[in-house]
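Each protein sequence line maps, in turn, to chains A and B. Following this note's numbering, the numbering of the first sequence begins with 1 at its first residue and continues without gaps. Following this note's numbering, the numbering of the second sequence begins with 671 at its first residue and continues without gaps. We put the CB at the ideal spot given by N, CA and C, even for glycine. Keep in mind the model is a prediction, meaning the values are calculated, not measured. Here the structure is laid out as structure tokens; the discussion comes afterwards.
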Amino acid sequence: MRSNIVTLPRGWTADVFARVPARARAHLGIVCVTAAALLFPLVNGNDADIDSAANALAFAALALGLNIVVGFAGLLDLGYAAFFAIGAYAYGVASSWQLQPQWSNVWEPFQWLDLVSRFHTAGGDVVHFQVSFWLMLPVAAAIAAFFGVLFGAPTLRLKGDYLAIVTLGFGEIVPIVARNTPSVTNGAMGLNGVAAPRLFGYDFGVDATPYYYVGLALVAFLILTSQRLKDSRIGRAWMAIREDEIAAAAMGVDRVRFKLLAFAIGAAFAGATGTFYVAKLQTATPEMFMFPVSVMVLVMIVFGGIGSVWGVVVGALVLQILQSWFLEDLSQWLHALGRLVNIEWLQHVELASSIELIFGFILVLMMLYRREGLIPATRRVAPLSLDEQTTQIGRGGFDLLPATAISNRVATGPLLEVSDLTVRFGGLVALRSVELSVPAQTVVAVIGPNGSGKSTLFNVVTGVVPAGRGSIRFAGGEIGRLRPHAILERGIARTFQNIRLFPNLTVLENVMIGMHARLDTGPVGALLRLPANRREEAAAREHAREILALFGNRLLPRADHLAASLSYANRRRTEIARALATQPKLLLLDEPTAGMNPAETLELADQIQSLNRHGLTILLIEHKLDVVAMLADRVIVLDHGEKIAEGPPEAVRRDEEVIRAYLGRSTAFA
Amino acid sequence: MSDYGVLLQQVVNGLSLGAMYALLALGFTLVYGILELINFAHFNVFMVSSFFGMWALEFLGITGQSRVLAGPALAGALVFAFAVTMIGAGILGVAIERLSLRPLRGVRGTAAMITTIGVSYILFNIILLTVGAGSENYPNPLPVVRWQLGEVTLELKELLIWGVAVALMLALHFFVNRTRLGKAMRATAQDAEAARMMGVDVDRVIVTAFFLGSALAGAAALIFGLYYNYTSFIVGYTAGLRAFTAAVLGGIGSIPGAMVGGILIGLIETLGGQLIAVRWTDVIIFSILVLVLVFVPTGLFGRVTSTKS
Numbered sequence: 001m002r003s004n005i006v007t008l009p010r011g012w013t014a015d016v017f018a019r020v021p022a023r024a025r026a027h028l029g030i031v032c033v034t035a036a037a038l039l040f041p042l043v044n045g046n047d048a049d050i051d052s053a054a055n056a057l058a059f060a061a062l063a064l065g066l067n068i069v070v071g072f073a074g075l076l077d078l079g080y081a082a083f084f085a086i087g088a089y090a091y092g093v094a095s096s097w098q099l100q101p102q103w104s105n106v107w108e109p110f111q112w113l114d115l116v117s118r119f120h121t122a123g124g125d126v127v128h129f130q131v132s133f134w135l136m137l138p139v140a141a142a143i144a145a146f147f148g149v150l151f152g153a154p155t156l157r158l159k160g161d162y163l164a165i166v167t168l169g170f171g172e173i174v175p176i177v178a179r180n181t182p183s184v185t186n187g188a189m190g191l192n193g194v195a196a197p198r199l200f201g202y203d204f205g206v207d208a209t210p211y212y213y214v215g216l217a218l219v220a221f222l223i224l225t226s227q228r229l230k231d232s233r234i235g236r237a238w239m240a241i242r243e244d245e246i247a248a249a250a251m252g253v254d255r256v257r258f259k260l261l262a263f264a265i266g267a268a269f270a271g272a273t274g275t276f277y278v279a280k281l282q283t284a285t286p287e288m289f290m291f292p293v294s295v296m297v298l299v300m301i302v303f304g305g306i307g308s309v310w311g312v313v314v315g316a317l318v319l320q321i322l323q324s325w326f327l328e329d330l331s332q333w334l335h336a337l338g339r340l341v342n343i344e345w346l347q348h349v350e351l352a353s354s355i356e357l358i359f360g361f362i363l364v365l366m367m368l369y370r371r372e373g374l375i376p377a378t379r380r381v382a383p384l385s386l387d388e389q390t391t392q393i394g395r396g397g398f399d400l401l402p403a404t405a406i407s408n409r410v411a412t413g414p415l416l417e418v419s420d421l422t423v424r425f426g427g428l429v430a431l432r433s434v435e436l437s438v439p440a441q442t443v444v445a446v447i448g449p450n451g452s453g454k455s456t457l458f459n460v461v462t463g464v465v466p467a468g469r470g471s472i473r474f475a476g477g478e479i480g481r482l483r484p485h486a487i488l489e490r491g492i493a494r495t496f497q498n499i500r501l502f503p504n505l506t507v508l509e510n511v512m513i514g515m516h517a518r519l520d521t522g523p524v525g526a527l528l529r530l531p532a533n534r535r536e537e538a539a540a541r542e543h544a545r546e547i548l549a550l551f552g553n554r555l556l557p558r559a560d561h562l563a564a565s566l567s568y569a570n571r572r573r574t575e576i577a578r579a580l581a582t583q584p585k586l587l588l589l590d591e592p593t594a595g596m597n598p599a600e601t602l603e604l605a606d607q608i609q610s611l612n613r614h615g616l617t618i619l620l621i622e623h624k625l626d627v628v629a630m631l632a633d634r635v636i637v638l639d640h641g642e643k644i645a646e647g648p649p650e651a652v653r654r655d656e657e658v659i660r661a662y663l664g665r666s667t668a669f670a
Numbered sequence: 671m672s673d674y675g676v677l678l679q680q681v682v683n684g685l686s687l688g689a690m691y692a693l694l695a696l697g698f699t700l701v702y703g704i705l706e707l708i709n710f711a712h713f714n715v716f717m718v719s720s721f722f723g724m725w726a727l728e729f730l731g732i733t734g735q736s737r738v739l740a741g742p743a744l745a746g747a748l749v750f751a752f753a754v755t756m757i758g759a760g761i762l763g764v765a766i767e768r769l770s771l772r773p774l775r776g777v778r779g780t781a782a783m784i785t786t787i788g789v790s791y792i793l794f795n796i797i798l799l800t801v802g803a804g805s806e807n808y809p810n811p812l813p814v815v816r817w818q819l820g821e822v823t824l825e826l827k828e829l830l831i832w833g834v835a836v837a838l839m840l841a842l843h844f845f846v847n848r849t850r851l852g853k854a855m856r857a858t859a860q861d862a863e864a865a866r867m868m869g870v871d872v873d874r875v876i877v878t879a880f881f882l883g884s885a886l887a888g889a890a891a892l893i894f895g896l897y898y899n900y901t902s903f904i905v906g907y908t909a910g911l912r913a914f915t916a917a918v919l920g921g922i923g924s925i926p927g928a929m930v931g932g933i934l935i936g937l938i939e940t941l942g943g944q945l946i947a948v949r950w951t952d953v954i955i956f957s958i959l960v961l962v963l964v965f966v967p968t969g970l971f972g973r974v975t976s977t978k979s
């Protein structure tokens with residue numbers, strides 16, 4: 001219902017808001033949130049409320065960690081609580097009376113470092129572990145990360161769904177191990193008497209307020225870490241894996257390494273949070289880390305928005321606070337309502353005990369009706385207006401190509417040499433003893449009927465499909481056994497027949513992922529944002545825009561649009577731009593003009609020609625023979641996996657065998 | 671009893687558990703074969719069905735283990751209980767597919783899997799909130815009949831379990847390999863798009879897979895109740911994880927694989943429990959899951975992975 005009393009024009013608040021620059025708006029928002037969070041305990045003053053808020057912060061930290069694994073890298077982890085448990089027990093054991101080995105001289109250096117103390121008992125002196133909470137925060141994170149790598153390494157090579165079940169099992173066995181090893185963990189009874197943190201001689205004790213501030217600092221640090229990783233080479237690589245693993249590998253992302261990194265960092269977040277949580281509760285039992293905890297954290301990120309940093313924090317806080325503050329009140333209201341309208345069962349509803357049922361419904365309903373969550377990770381950009389679409393913002397054309405786009409030109413001689421290459425899929429021979437040579441700085445076209453093995457040839461050369469027999473040499477080195485990302489690093493880039501862009505990333509991000517192998521920023525650099533990393537990132541962004549500008553006004557005005565929203569022809573162009581961003585020596589184009597109209601085909605053929613003029617070697621699959629005749633120096637014809645002809649375009653066009661392959665065997669005799 | 675006798679007895683027990691896991695594993699494999707989806711709801715379809723079976727037997731006036739039937743009365747009670755449980759489970763499975771998974775058909779990524787986790791959690795909590803957290807004494811009309819074969823004791827309930835499991839698996843085998851719908855199912859599993867173009871009603875195939883898979887889980891659930899004489903809201907979790915391991919061990923997507931995998935997991939559970947320690951059973955089975963996935967990801971009977979890129 002819109003009120004008529006307000007006389008100001010509609011949307012005036014939005015107007016005022018819009019006049020503030022976006023960056024300042026974001027800063028203002030952060031300042032307000034921080035101030036409110038800092039003042040909360042002073043304003044509220046109720047210890048139970050502050051305690052709930054501190055717990056909610058712990059879960060926000062967990063949600064941030066799981067978001068790196070599930071949201072950024074797209075790996076569904078159902079046993080995330082296991083890493084929480086590992087971090088919790090690490091601190092629990094390192095600062096309680098659980099382990100009391102006999103004192104010996106070995107412990108003296110540790111005593112000197114204040115990690116242990118010598119304690120006198122009737123049966124002789126024993127060691128008392130008293131590792132500082134502040135030291136254990138990073139140490140527990142490292143231990144959890146170690147276990148993340150340990151469990152990730154064998155399983156992350158598998159298809160994504162298996163990971164879900166393996167992590168589910170992992171989440172199941174960690175509490176079992178904790179229960180079955182009472183000598184270390186005190187079994188089902190749980191660890192007791194875990195030391196509270198101390199800071200400059202002040203003991204945190206059981207008062208909620210100091211824990212609240214530690215939790216707040218932890219969450220703030222993890223938000224910063226998440227944001228910085230997300231907007232970096234690391235985050236882009238993760239999101240590329242999430243969107244399309246094969247394309248990510250073909251663009252130079254080492255899948256196993258980056259999945260492990262996501263797993264390790266996600267686990268590290270949980271490890272540090274576990275230490276915080278146990279220090280706060282001063283006890284740890286196996287029941288605290290069972291499957292429901294993993295599900296709860298998953299519900300939080302699904303609710304807040306998978307992949308959205310602020311979303312998952314809000315999701316975690318809302319659900320936790322709902323649980324501890326409002327469900328009780330809500331139940332009371334329902335009871336009152338039940339008495340009012342005289343409905344018996346309404347008077348007995350206990351929402352607090354049905355919280356897990358509510359979680360289940362949140363998961364299903366969010367997936368069905370709002371998969372992007374409360375605060376979506378990607379913001380929709382308005383489509384271009386007709387004016388914007390037709391404005392000529394620059395002539396474009398590949399003659400503007402920056403000199404850096406094509407790396408280390410090879411003067412002459414064969415760049416790619418394939419010999420005796422055979423590939424089988426079960427009983428089908430996709431390629432049989434294929435010989436092929438691509439001289440540097442030429443355009444070679446591969447033609448042949450559908451199913452003749454053209455795309456398989458590309459897949460083998462780029463490492464997507466393993467070579468059965470034979471050798472593939474590139475720029476003098478054998479690449480037949482390399483993995484896709486290593487082949488890209490050598491300088492072979494490709495496009496795919498059925499276009500494999502990263503649909504939920506922007507055009508600019510797609511192109512920047514192409515530069516992955518040519519950039520250096522690692523996780524530490526991404527987090528610290530040293531001047532060198534900032535320079536590299538800015539240069540990469542600039543270079544990506546230059547590459548987009550090669551296509552005139554086709555792509556540049558759409559740089560911030562999602563790849564999924566592009567037209568078919570623009571998706572093909574983006575894929576070529578992404579391949580060019582890898583600074584290739586050899587470019588493999590799989591039917592680049594498929595689905596384009598004659599004018600667009602001509603435009604692209606022209607662009608491919610100018611790329612070649614700038615020294616790029618091109619291997620091309622194409623069905624449009626006029627395009628082939630225009631571009632190619634040599635043509636290779638495949639049929640049923642065998643090379644049946646090779647030569648200049650005119651010669652191949654007249655070849656009897658080729659005509660027979662294309663037009664059919666019987667008609668050739670007519 | 672000699673050590674050898676103890677082990678042999680554990681083999682007999684393992685075959686019974688294995689028959690149950692095999693039935694449950696078939697549900698995972700049927701759905702995975704067609705949708706490439708790990709259906710976490712299956713865990714608790716099994717658990718809920720065990721209550722269907724309990725209520726069906728209680729409807730006949732059977733409570734606890736005191737009231738024992740014989741002859742036609744026993745046969746009738748069992749047929750009724752299996753029919754109610756399997757149909758109830760099948761309808762539950764179809765309802766889950768229609769309400770929560772069909773709208774997500776064609777959505778990429780983890781959305782469908784997360785939905786099945788949500789559904790599983792809903793089922794779990796509905797039983798927890800309505801029936802309660804305690805374990806229920808399962809009605810069991812089977813007379814305790816034992817045969818002593820050398821050092822091994824064989825019970826009537828074990829023969830019954832083996833008989834039911836073999837009959838259901840033969841029926842499934844016949845259905846998949848000899849009927850029109852079964853052929854459509856195999857075609858859809860190979861290539862859903864091509865099957866659709868050849869006129870196969872893919873939605874109907876998917877519904878059938880959910881119905882059959884869930885009905886088999888229903889049979890497994892009733893067997894669970896009759897074997898252990900109890901059920902509870904929590905039984906779906908462990909049994910489901912073991913059955914899933916069985917499906918992977920056999921090669922997920924493969925029907926004979928699920929049967930063989932189930933038997934193997936049953937044997938590993940009882941022999942492992944005997945030779946190592948029962949409290950480590952889950953760790954042993956989980957380790958097998960990881961080892962199989964790492965070294966033979968296609969399992970014993972797995973399909974060659976498709977070459978689509």
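- The alpha-carbon separation between Leu793(B) and Phe146(A) amounts to approximately 35 angstroms.
- Of all residues in the segment 765 to 794 of chain B, only Ser770, Pro773, Leu774, Gly779, Thr780, Ala781, Met783, Ile784, Thr785, Ile787, Gly788, Val789, Tyr791 and Ile792 come within less than 7 angstroms of chain A when Cβ atoms are compared, listed by chain position.
- When Ala188(A), Ala581(A), Val278(A) and Pro449(A) are compared, the shortest CA-CA separation from Ala94(A) is found for Val278(A).
- Interface with chain B (8 angstroms Cβ-Cβ cutoff): Ile492(A) is excluded.
- Straight-line measurement puts the Cα of Gly525(A) at about 21 angstroms from the Cα of Met251(A).
- Within chain B, Ile708 and Phe914 have C-beta atoms less than 7 angstroms from the C-beta of Ile165(A), given in sequence order.
- Closest by C-alpha distance to Leu562(A), out of Ala486(A), Gly205(A), Ser96(A) and Asn510(A), is Asn510(A).
- Going by C-alpha positions, Ser471(A) is about 30 angstroms away from Ala240(A).
- Every unbroken stretch of the alpha helix (DSSP H) spanning 4 or more residues and falling wholly within the segment 354 to 395 of chain A is given here in chain order: 355 to 369 and 386 to 390.
- In the three-state reduction of the DSSP assignment, Asn180(A) falls in the helix class, which pools H, G and I.
- Arg236(A) carries a helical assignment under DSSP once its states are collapsed to helix, strand and coil.
- For Pro109(A), there is no enclosing beta strand (DSSP E); the enclosing alpha helix (DSSP H) has its first and last residue at Glu108 to Trp112.
- Here Leu156(A) carries a coil assignment [DSSP, helix/strand/coil].
- With contact defined as three or more Cβ pairs closer than 8 angstroms, the segment 837 to 847 of chain B and the segment 822 to 829 of chain B are not in contact.
- The Cβ atoms of Tyr89(A) and Ser294(A) do not sit closer than 8 angstroms to each other.
- Of all alpha-carbon atoms in Ser884(B), Phe710(B) and Thr968(B), the one lying nearest the alpha-carbon of Ala782(B) is that of Phe710(B).
- In the DSSP assignment, the residues bridged to Leu619(A) are Val444(A) and Leu588(A).
- Not flagged as an interface residue toward chain A: Phe721(B), since no C-beta distance is shorter than 8 angstroms.
- Of the other Cβ atoms in all chains shown, 16 or more fall within 10 Å of the Cβ of Asp639(A); this residue is therefore buried.
- Interface criterion met: the Cβ of Leu158(A) is under 8 angstroms from a Cβ in chain B.
- Cβ-Cβ separation between Leu842(B) and Ile925(B): approximately 7 angstroms, consistent with a contact (criterion under 8 angstroms).
- By the neighbour-count definition (other C-beta atoms within 10 Å, threshold 16), Phe425(A) is an exposed residue.
- Gln441(A) and Ile608(A) have their C-alpha atoms some 12 angstroms from each other.
- Counting C-beta atoms within 10 angstroms of its own C-beta, Ala445(A) has 16 or more neighbours from the protein chains shown and is therefore classed as buried.
- According to DSSP, residue pairing for Trp817(B) in a beta bridge involves Leu824(B).
- Not a single C-beta of chain B is nearer than 8 angstroms to the C-beta of Ser452(A).
- Scanning the segment 865 to 939 of chain B from its first residue to its last, no whole beta strand (DSSP E) run of 3-plus residues comes out.
- Inter-residue distance for Asn683(B) and Gly124(A) is about 51 angstroms (C-alpha atoms, whole angstroms).
- Across the structure, Glu372(A) and Ile301(A) are spaced so that their CA atoms are roughly 10 angstroms apart.
- For the pair Thr940(B) and Leu687(B), the CB atoms are nearer than the 8 angstroms cut-off.
- Per DSSP, the continuous beta strand (DSSP E) segment holding Val637(A) begins and ends at Arg634 to Asp639.
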